[in-house]
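Chains as they are written, first to last, in my numbering: chain H, 3 to 336; chain S, 5 to 272.
Each residue gets a CB set at the ideal place from its N, CA and C atoms; glycine is no exception.
Below, the structure written as structure tokens:
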């Protein structure tokens with residue numbers, strides 16, 4: 003995933019997300035009526051090309067997991083478009099969607115919770131093949147074996163149950179399940195956050211080799227900025243349901259433009275503590291998405307806030323070059 | 005250096021006959037932060053629990069000495085240990101929600117701990133609680149006293165726990181993965197707070213973490229644990245610049261760093 007080859011997109015992008023919204027009702031009071039809405043995803047636009055990895059970073063509660071789950075349609079979007087290879091997923095018939103579903107798969111953070119504890123590994127990996135009728139029935143056992151081989155797990159794990167596996171092995175099973183249907187896009191939600199550093203490195207290597215060999219695109223959701231820098235081609239930074247900055251990975255880390263991205267990067271602890279530039283410590287916490295502040299959602303914590311920031315939401319602006327777009331939504335650049 | 009504040013010698017712990025902590029020794033001086041680094045299962049949390057004699061059922065201390073300011077805690081009476089826990093030896097945990105009582109207000113919990121350890125009357129305990137909350141950077145400490153834990157963010161809860169730990173003027177603070185559940189921005193705030201209070205109050209801090217970067221930011225000395233043993237201990241800068249043990253080297257090699265600018269060093 004690290005080789006930065008610039009692909010000239012001729013066909014429509016693999017995935018295009020346009021002005022996507024996902025709102026959840028908030029219930030309250032004696033009768034449980036809807037008393038408000040959480041705008042978990044509040045108008046998000048981005049694209050992912052084939053074989054590329056887009057990193058999605060932000061603090062907990064910024065809506066990054068909701069966005070990922072909406073793209074695989076675990077949640078129905080409230081508004082906006084999700085377009086897969088030119089086809090509007092939001093308008094697909096159920097039947098058509100069932101066909102296309104195999105193209106978009108997901109890897110979860112907690113492999114333990116996302117594997118059925120009563121299924122053997124064999125059954126877990128075989129189920130998607132059966133559901134989608136992939137290959138002749140007799141071949142499927144072979145396919146399951148091959149899958150285990152691809153994620154470097156021994157074949158004798160097939161008859162085991164999830165609780166008998168280590169955390170790293172379970173995450174590999176989660177990956178094997180995600181690639182079983184040969185998807186074009188995988189949404190990976192914090193795939194390595196619960197793993198020890200040595201296991202983490204192995205799993206990240208596995209994901210890159212899958213991308214190299216199969217051309218799978220990834221939406222890589224993570225709060226870990228070091229991991230994102232190592233595996234992603236492009237990065238989008240989310241704050242309170244909105245993408246505030248989006249750029250190729252090198253541009254974003256070398257010269258972050260949005261004050262939030264700058265603060266986020268300077269907060270990362272580093273083993274080269276001496277070489278670290280002056281820290282910008284953010285004050286306070288992320289505001290509630292039920293009552294987001296007016297104007298730019300970041301202005302109450304922003305060290306560079308101006309009067310306009312509390313009134314008007316900044317439009318996204320491209321401050322990059324034609325071949326390396328760098329979009330930022332901040333009044334400092336408008 | 006004079007007599008260390010806390011010294012642990014040859015600490016061993018067994019679970020069902022298996023030795024999970026094997027001859028661990030280290031010392032901690034007043035005003036010093038010692039990092040204890042290891043992957044899951046290395047025995048770092050058991051070691052910290054043993055210091056407070058809070059080992060879970062099934063785990064048994066089979067040998068060693070834990071000496072706090074000249075007093076051997078291994079042979080101390082249980083009543084004495086109760087006075088020490090949260091008093092001279094305070095602890096903060098990874099998940100602040102489980103360390104707080106969900107049905108009592110922050111004020112009730114803080115005042116209870118303070119009254120118990122410092123033998124204060126209610127009014128005194130209350131003002132000590134307000135002072136403690138102010139010290140950890142909580143803007144409206146009086147209002148905080150009336151809040152319940154579930155109404156607070158993770159960073160706020162961890163601050164409350166630090167306030168509670170420090171309210172009884174401990175000599176030693178044991179912090180077990182204090183920032184692992186927090187976002188980077190909050191993590192930076194909480195680590196800054198621990199470092200600042202540690203130097204202001206001259207307490208000894210034992211910081212337990214899986215993250216070498218956290219240690220690099222906060223600890224003067226670091227010990228690396230693996231399979232129940234301390235395999236390497238050195239000044240943090242030296243440990244990171246020239247690790248001796250192959251395991252420490254691989255731990256460092258696998259720790260991803262954020263590269264600030266294109267071309268700047270980093271490991272892959």
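{"Asked": "Please list, in chain order, the chain S residues whose beta carbon lies closer than 7 Å to that of residue 231(H).", "Found": "262 and 263"}
{"Asked": "In the DSSP assignment, the alpha helix (DSSP H) including residue 73(H) goes from what residue to what residue?", "Found": "66-73"}
{"Asked": "Indicate whether the contact test is met: 3 or more Cβ pairs, each with one atom in the segment 165-181 of chain S and one in the segment 206-217 of chain S, closer than 8 Å.", "Found": "yes"}
{"Asked": "Below 8 Å between beta carbons: does that hold for residue 97(H) and residue 122(H)?", "Found": "no"}
{"Asked": "Is there a Cβ of chain S sitting closer than 8 Å to that of residue 273(H), yes or no?", "Found": "yes"}
{"Asked": "What separation, rounded to the nearest whole angstrom, lies between the Cα atoms of residue 40(S) and residue 228(S)?", "Found": "6 Å"}
{"Asked": "Taking residue 77(H) as the reference, which of 36(H), 182(H), 248(H) and 25(H) has the closest Cα?", "Found": "25(H)"}
{"Asked": "Are the beta-carbon atoms belonging to residue 171(H) and residue 262(S) less than 8 Å from one another?", "Found": "no"}
{"Asked": "In this structure, how does DSSP classify residue 173(H) when only helix, strand and coil are distinguished?", "Found": "helix"}
{"Asked": "Kindly list, in the order they appear in chain H, the residues whose Cβ is closer than 8 Å to that of residue 215(S).", "Found": "271"}
{"Asked": "Classify residue 281(H) as helix, strand or coil using the three-state DSSP reduction.", "Found": "coil"}
{"Asked": "Measuring CA to CA, which of 91(S), 15(S) and 157(S) is closest to residue 26(S)?", "Found": "15(S)"}
{"Asked": "So the beta strand (DSSP E) residue 41(H) belongs to, where does it begin and stop?", "Found": "35-50"}
{"Asked": "Look at the alpha carbon of residue 289(H) and the alpha carbon of residue 70(S), and state the distance between them as a whole number of angstroms.", "Found": "45 Å"}
{"Asked": "So with Cβ pairs under 8 Å, would you call residue 259(H) a contact of chain S?", "Found": "no"}
{"Asked": "Helix, strand or coil for residue 322(H) per DSSP?", "Found": "coil"}
{"Asked": "Can you check the segment 113-155 of chain H for any alpha helix (DSSP H) of at least 4 residues that lies completely inside it and give the ranges in chain order?", "Found": "113-116, 123-133 and 139-152"}
{"Asked": "Out of curiosity, what's the CA-to-CA distance linking residue 131(H) and residue 227(H)?", "Found": "35 Å"}
{"Asked": "According to DSSP, is residue 335(H) part of a helix, a strand, or is it coil?", "Found": "helix"}
{"Asked": "Rounded to a whole number of angstroms, what is the C-alpha to C-alpha distance between residue 270(H) and residue 263(H)?", "Found": "11 Å"}
{"Asked": "For residue 271(S), which of helix, strand or coil comes out of DSSP?", "Found": "Confidence at residue 271(S) is low in this model, with a pLDDT of 34, below 50, so its placement is unreliable and the value that follows should be read with caution. Correct three-state label for residue 271(S): coil."}
{"Asked": "Starting from residue 61(H), find everything on chain S with Cβ-Cβ shorter than 7 Å and list it in chain order.", "Found": "187 and 189"}
{"Asked": "Looking at the unbroken alpha helix (DSSP H) that takes in residue 218(H), where does it start and where does it end?", "Found": "Counting along the chain, residue 218(H) falls outside any alpha helix (DSSP H), and DSSP gives it neither H nor E."}
{"Asked": "Counting along the chain, where does the alpha helix (DSSP H) carrying residue 254(S) start and finish?", "Found": "250-258"}
{"Asked": "Are the Cβ atoms of residue 61(H) and residue 111(H) separated by less than 8 Å?", "Found": "no"}
{"Asked": "Could you spell out the range, first to last residue, of the alpha helix (DSSP H) harbouring residue 69(S)?", "Found": "Segment 63-72 is the beta strand (DSSP E) holding residue 69(S); no alpha helix (DSSP H) there."}
{"Asked": "Looking only at DSSP bridge pairs, what is residue 236(S) linked to?", "Found": "228(S)"}
{"Asked": "Looking at C-beta atoms only, is the number of pairs between the segment 221-238 of chain S and the segment 39-58 of chain S that lie closer than 8 Å three or more?", "Found": "yes"}
{"Asked": "For residue 59(S), which residues from the same chain have a beta carbon less than 8 Å from its beta carbon, with the 5 sequence-adjacent residues on both sides left out?", "Found": "17, 50, 53 and 65"}
{"Asked": "In this structure, does DSSP put residue 241(H) in helix, strand or coil?", "Found": "strand"}
{"Asked": "Which residues, taken in chain order from the segment 213-228 of chain H, show a beta carbon closer than 7 Å to some beta carbon of chain S?", "Found": "225, 227 and 228"}
{"Asked": "With DSSP as the reference, label residue 21(H) as helix, strand or coil.", "Found": "strand"}
{"Asked": "Assuming residue 148(S) is part of the alpha helix (DSSP H), what are its boundary residues?", "Found": "145-148"}
{"Asked": "Can you pull out the residues from the segment 190-214 of chain S whose beta carbon lies closer than 9 Å to at least one beta carbon of chain H?", "Found": "190, 191, 192, 193, 195, 196 and 214"}
{"Asked": "Are the Cβ atoms of residue 43(H) and residue 23(H) separated by less than 8 Å?", "Found": "yes"}
{"Asked": "From residue 53(H) to residue 86(H), what distance separates their C-alpha atoms?", "Found": "14 Å"}
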